[in-house]
Amino acid sequence: MQFQQVVPARTKFTDIEDIKLLSIVRQMDKINWKSVSAMMGNRSARQCRERYNNYLSPTVQNKTWTPEEEELLLQSYDKYGPQWSLMTKFFKNRAAVNIKNHYAKLASNRQNKSKTNNEITETDYSEVSDSPIEFKDDQVQDFPLLEENYLPNDVFDFYTNLEDTNVLQALENWCEYC
């Protein structure tokens, strides 16, 4: 009879799990990730190893990137492509996953800046309906202005008439239905 190993769900490590993992690893002379996993109880050996090596190890630096490091990262990527493990040689105590994630962030920021600078977007109103919004009865009771059959002529009129109501509470109640 064969037993299948239960694979833990991919969930974010909690602070308590991080502390537990650090404590277990510090107690071992030689790290055995299967043993660490068994002691953790809810994490695979791979999850434990990667969490420790990429984020918790005292040799890993997770502090803010300097502008010089960011420039070196961009130059390294231009030269080597996505060879993150190779790039660890250029970044003292940074894990390959940290380098990869930071590059992705930089690339995303560059892409967003170029879109903002190069594109002027126009709003398409062709899909906007002229018909009034239909609300359910239980939505109306949580939004006092709708109970009074108040239909604003424009946004300014709507906001100026909210002074007499508990706006925040009304919106919170109403948004539960959204």
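Throughout the sequence shown, residue numbering follows the numbering used here, covering 904 to 1081 in sequence.
Glycine included, each C-beta is placed from N, C-alpha and C at the ideal position.
All of these numbers come straight from a predicted model, not from anything done at the bench.
Residue i (DSSP reduced to helix, strand or coil)
i        : result
Ala-941  : helix
Arg-913  : coil
Ala-1010 : helix
Asp-998  : The sequence given here has Ala at residue 998, not Asp. Three-state result, Ala-998: coil.
Asn-1056 : Low local confidence applies: a pLDDT of 47 at Asn-1056 is under 50, so the model's placement there is unreliable, with the coordinate-based value given in what follows. Residue state, collapsed to three classes: coil.
Leu-1049 : Interpretation of Leu-1049 is limited by its pLDDT of 45, a score under 50 that renders its predicted location unreliable; no figure is taken from the coordinates.
Whether residue i touches residue j by CB criterion (8 Å)
i       : j       : result
Phe-994 : Glu-972 : yes
Leu-959 : Asp-921 : yes
Distance between residue j and residue i (C-alpha atoms, nearest Å)
i        : j        : result
Gln-950  : Asn-956  : 10 Å
Gly-944  : Thr-969  : 38 Å
Phe-916  : Asn-1004 : 17 Å
Val-939  : Trp-987  : 26 Å
Leu-924  : Lys-933  : 14 Å
Val-928  : Leu-989  : 26 Å
Lys-992  : Ala-1010 : 21 Å
Met-931  : Gln-1014 : 45 Å
Ser-926  : Ala-941  : 14 Å
Lys-1016 : Thr-967  : 21 Å
Pro-961  : Arg-954  : 12 Å
Pro-985  : Asn-965  : 20 Å
Same chain, Cβ closer than 7 Å to residue i, five either side skipped, listed in chain order
i        : result
Tyr-1006 : Leu-976 and Tyr-980
Distance cut-off 7 Å: residue i Cβ against heavy atoms of the ligand ATP
i       : result
Asn-956 : The model depicted lacks the ligand ATP and carries no ligand whatsoever.
Spatial neighbours of residue i in its chain, beta-carbon cut-off 8 Å, leaving aside the 5 residues before and after
i        : result
Val-963  : Asn-956, Asn-957, Asn-996, Arg-997, Ala-998 and Asn-1001
Tyr-983  : Leu-989 and Met-990
Asn-1012 : none
Neighbourhood of residue i by C-beta distance below 6 Å, restricted to the same chain and skipping five residues each side
i       : result
Trp-936 : Ala-948, Cys-951 and Arg-952
**OP:** Go through the segment 916-994 residue by residue and report every complete run of the alpha helix (DSSP H) that reaches 4 residues or more, in order.
**Re:** Segments of the alpha helix (DSSP H) lying fully in the segment 916-994: 918-930, 936-943, 948-954, 970-983 and 987-990.
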